[in-house]
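Student: Quick one: structure below, then a few questions.
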Amino acid sequence: MLDILRNRPIVPVIVIDDPDSAVPLAEALLAGGIDVVEITLRTAAGIEAMQRIANRFPDMVVGAGTVVTDAQAQRVIDAGVSFAVAPGLNQMTVERFRRAGIPFAPGVMTPSEIEQAMAMGCMVMKFFPAEAAGGTAFLGALSGPYGHLGIKLVPTGGVTTANMNDYLALDMVASVGGSWMATAKHIASRDWATITKLARDAMDHAIV
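For our numbering, count along the sequence shown from 1 and bump the result up by 1.
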């Protein structure tokens, strides 16, 4: 997972309703300098959207987000995703992705969940919901007991261009995830130019 996130400070988290929007969305992100995308499983179009992007742009890193059940985990494994992310911590899901050899970041929010994830062999975790859980102040407090252990977090939830560098400046943070560059409204209105602009602005200002 660290290899995927290296030099990729921002991971767009995408909710997509229409698979036909997948390829132009990917084109817009690539034009803005972003070659990684997390397509969530919040809609029925998620799996097909991932496959269309991966087939059209084999060099783009395509992952699955919001993997919350064992059945979903198997579906995205069968779809051939490059990585997967969950909002919570589930040992069955961790083990399924480990057996498949696919990088996986479970979601954590508390010190106890961090330690449970470490016990399962996870060193990269999604910190969710970042802002609601205390934001950079909370992560700064976590760095004392956990920062020296080599774990890395990917804050998601409430991250924007305005605060992303506050997160990226923390040693424990590998990358940030967010949907502000390509919201459901942008995608539904097929506003690819705005998505490209927001992606470029974010990348131009992100700490790498």
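Glycine included, C-beta positions come from ideal geometry on N, C-alpha and C.
Specify whether the region 168-178 and the region 18-36 touch according to this definition: at least 3 beta carbon pairs, one from each stretch, less than 8 Å apart.
Tutor: They do not touch, by the three-pair rule.
Student: Would the region 103-120 and the region 41-49 be scored as touching if the rule is three or more Cβ pairs under 8 Å?
Tutor: At 8 Å Cβ cutoff, the stretches do not touch.
Student: Kindly indicate which three-state DSSP category Thr157 falls into: helix, strand or coil?
Tutor: Correct three-state label for Thr157: strand.
Student: Is Ala87 near Val77, with beta carbons less than 8 Å apart?
Tutor: No, the pair does not count as a contact, with Cβ atoms beyond the cut-off.
Student: Could you check the C-alpha separation between Pro104 and Arg201 for me, to the nearest Å?
Tutor: Distance between the alpha carbons of Pro104 and Arg201 is about 26 Å.
Student: What is the DSSP secondary structure of Thr44, counted as helix, strand or coil?
Tutor: Coil at Thr44, not helix or strand.
Student: What's the gap between the Cα of Ala50 and the Cα of Ser22?
Tutor: Their backbone Cα atoms lie some 8 Å apart in a straight line.
Student: Within this structure, are the beta carbons of Ala254 and Lys127 separated by less than 8 Å?
Tutor: Outside the modelled stretch of the chain, which goes from 2 to 209, sits residue 254, for which no answer is possible.
Student: Which same chain residues end up closer than 8 Å to Tyr147 when comparing Cβ atoms and leaving out the 5 residues on each side of it in sequence?
Tutor: Closer than 8 Å at Cβ, skipping near neighbours: Pro112, Ile115 and Met173.
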